[in-house]
Every structure is written in C-alpha cells, then in structure tokens.
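Report on the structure given below.
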Amino acid sequence: MPTPRVALLVETSREYGRGLLRGIIRYQRKHGPWSITFQPHGLDEPPPPWLRTWKGDGIIARINDLATAKALMRLKVPLIDLRASLPGLKLPIVGIENRLVVRMAVDHFLERGFRHFAFCGTPYGQHVYQDERSDRFRAELKEHGFECDVYQHPKVRRGAEQELQHLTQWLAKLPRPCALMTCHDDRGQQVLDACLRAGFAVPDEIAVLGVDNDEFLCQLTTPPMSSIDVDPVRIGHEAAALLDQLMSGKQPPPPSRFYPPRRIMERQSTSIIAVEDRHVASTARRIRDGACTPMSVDEVLRDVPLSRSAAYRRFRQQLGRSPKQEQMRLRIIRARELLEDTDLSITEIGQRIGYEESKYFIHVFKQQTGTTPLKYRKAKQGKR
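Rendered as structure tokens:
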C-alpha cells in the first residue's frame, strides 16, 4: 500500500496550533508513516502557492477564510477542518466542545464565590466559535441566576491604544469583585494589560480566565493568567484518526467531533475567594494553601475566632460546601493532575495529597469520581 500523502495547514505561532500538530504526529508515528507536507502558515495568510501543484491523499487544516476553504475543497481529497469558523462548509470538523469549556469556567468562578461576571471577546460575528463561548457563558450564568456584562467593541475601528482605552473604560464600570472570562488567551493578555495600566487589582477586583493555556501568553501577563487547557493534543490525534479512516475509504463517522477540555490551569489571575465574610475567606485560603498536607480541617479552624459549628455554617452559606468538602475537592483536583501527567505510583500520589494510607486514598477518590485512580489514569492517558 502506498504511503499516504497528507498536507497540514496549521499555524505554529500559538500553543494551540503546536498542540494540534503534536497530536497529529503521535497518531502518524503509531499508525503511519505518512508523507507530510507542512510549511509555516499563518491563520490570516492566503492559500499557500504550493497547494496549486500539490498531489496528495488528505488534508488537515485550520480554515479561517472562504478563499482557503475553496482552494482546499477544489483538491477533492478528504479534508478535516480544525477551526469551525465558517458555517455551512459541510466539512468534517474536529474541535473543542465549547459547552463544556464554558461550564468549566462558570464552575471555577462559582466555586470561588463570585456573584458578578463579565465576558470579553472579539467583535461579535467575526468568529463563530468565539460567539458561541460568549452566548453559552451568559446562558450558563443565567441558569444560576446571574447576569453577565459583555464587552461591546467600538463601532468605528480604532488603533491599538484607542481600543485599549475603550476596554479600560468598560472594565472600570464593572461591579466588584468581578469574574471575567475571555474568548482566548490573546484577549486575556489584553484585558490584563488594561488592568495593569489602569491600576485595577487582579484578582481582588477583577479575576481573569483565558482559554487555550498558551504557557507563553499566560506567563507574559502580570499577574500570570489562569487558563483552560482545551487539550489540543487529543484534538489533533483524533483529527488524524478521522482523516486516516476517510483516506482508507471506510464509512465516515458523524461529520463533527467535539472534545471536552482537560482542566483549568490556575495561576494568580483567579487565585482568590471572592466572599465578603473575611473569616470564610481566610479559612478558604488556609485550606487551599495546606490542602495537600496532612493538616486537618480542625487544625485550620483552631485559628478562626468562631465556634466550629459557626465556622462550618458560615463557610457553607458562602461557598455551598463545608470546609472538609473544600479540602477534599482540592485534593482530588491535584490527584487528577498527578494521575494524568506523571507515572507516580498510586501510593505516592496519595501521600502527595495528604493521604498516608493508599487504601483510604483509593476509597476517597472512587467516592468522589466514581472510578478508581488506576482506571482514571488508564482512561485519561489512553486518550493522549
């Protein structure tokens, strides 16, 4: 059987694109080889000249404009779109499940006690998937009984400094403390820069959450930006698997596949408990700081000038969970990260999150997640 010839049109200027390529590489290393045509290509650039003479078997692309879409579709080979920016193309799409991205963001903010919310994206109508994030964020918050301020771009296009001033004026009017989601990390970087210049305290006044977890952009901001890891490696891997099926002539599965995000990488821009009760906020911070140590919740509460029952009652009133549940929630989050990202033994992971007995760790993990640590690891690592 001849080696499949595959063209990749994916930008490498951002971590999301590089993650997609890593996933494609992993698939073809295991199931290939493929003869790959790839040259650096920006999202906003016209179709590359080499496409006119390219002869191949399949294409994976981030299609950003109609000209590129037409150039690729004229080649009459299996084509996978990884961007979903142009509705009505009738192409197989592999991408991010925005419904779950938004739900993860809302849960992240509600867990921290926020009651005021905002969304900042690109001009509405410019990118379908970004509009969807804005719409879903507002809808999800409405289900919880909250309103959401959405940034309205100036009708007349301006320069970068004028745009920053307009953004700053909007940020100044937001109720405090406010939890703000951005459509992606690029926008998050701009929001945090506006906050820095205007002197708005982050995360105390405005907590900012990006999407894509581009490590460079997240560390470029002051303070470092929390962001949702949307798992581009898995998306790239699944896109390659779908293309392989189409190139082999197999009956194609449903034309669109959307995958959930991995997790939120919390950095300083959302590291806050936004409640008015200072005793609850102090307790929550101490639990967070020592969540993965053997320190018990009762030890934390000894320094709170309230009775144990009053501390529990006020904590639950403000955050919807008990101090013990908060400690367990934070431990399970850390356990999931270690199970996904390391080869540490179950015993070692249990010890790292504060459980000396592995049997007890396994019991707690299964109670909270519905599965054992080992099964969780196999399921997650098997998808990457």
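Note that UniProt numbering has the sequence shown beginning at 1, numbered continuously upward.
Backbone N, C-alpha and C fix where the C-beta goes; we use that ideal spot for every residue, glycine too.
As the structure is a computational prediction, the values presented were derived from the model and not from experiment.
- Counting along the chain, A281 sits inside no beta strand (DSSP E); it lies in the alpha helix (DSSP H) bounded by residues 278–289.
- Distance between E97 and F258, taken at the CA atoms: about 5 Å.
- By the criterion of at least three beta-carbon pairs nearer than 8 Å, the segment 98–113 is not in contact with the segment 63–74.
- Just so you know, the alpha carbons of Q169 and P232 end up roughly 34 Å apart.
- Counting every other CB atom within 10 Å of its CB across the protein chains shown gives V297 a total of 16 or more, marking it as buried.
- In its chain, beyond the 5 residues on either side, I346, T347, G350 have a beta carbon closer than 7 Å to the beta carbon of S358.
- Contact check for R62 against L43 passes: the beta carbons are separated by less than 8 Å.
- Contact holds between the segment 284–303 and the segment 353–373, because three or more Cβ pairs, one in each stretch, are under 8 Å apart.
- Pairing R133 with C183 gives a Cβ-Cβ distance under 8 Å.
- Taking every protein chain shown into account, the CB of W34 has 16 or more other CB atoms within 10 angstroms, so this residue is buried.
- Remark: C-beta atoms of V275 and L330 do not approach each other more closely than 8 Å.
- The residue from R314, D193, A139 with its alpha-carbon nearest to that of S269 is D193.
- Under a 10 Å Cβ-count criterion, P4 is classified as buried, with 16 or more other Cβ atoms of the shown protein chains found around its own Cβ.
- Here DSSP, grouped into helix, strand and coil, assigns I349 to helix.
- Within the same chain, Cβ atoms closer than 6 Å to the Cβ of M181 are found at A105, F119, F137, L209, the five residues on either side in sequence being excluded.
- If you keep only unbroken beta strand (DSSP E) runs of at least 3 residues inside the segment 27–55, you get 35–38.
- Around the beta carbon of L374, fewer than 16 other beta carbons sit within 10 angstroms, so the residue counts as exposed.
- Under the three-state reduction of DSSP, G23 is assigned to helix.
- In the structure shown, T3 falls within a coil segment according to DSSP collapsed to helix, strand and coil.
- V202 places its beta carbon less than 8 Å from that of P223.
- At the C-beta level, L243 and P78 come within 8 Å of one another.
- The beta carbons of L338 and R352 sit closer together than 8 Å.
- Here DSSP, grouped into helix, strand and coil, assigns H116 to strand.
- In its chain, beyond the 5 residues on either side, L171, I206 have a beta carbon closer than 7 Å to the beta carbon of F200.
- A Cβ-Cβ contact shorter than 8 Å links V94 with I235.
- Excluding residues up to 5 positions away in sequence, I273, A274, V275, Q318, L319 lie with their Cβ nearer than 7 Å to the Cβ of G113 in the same chain.
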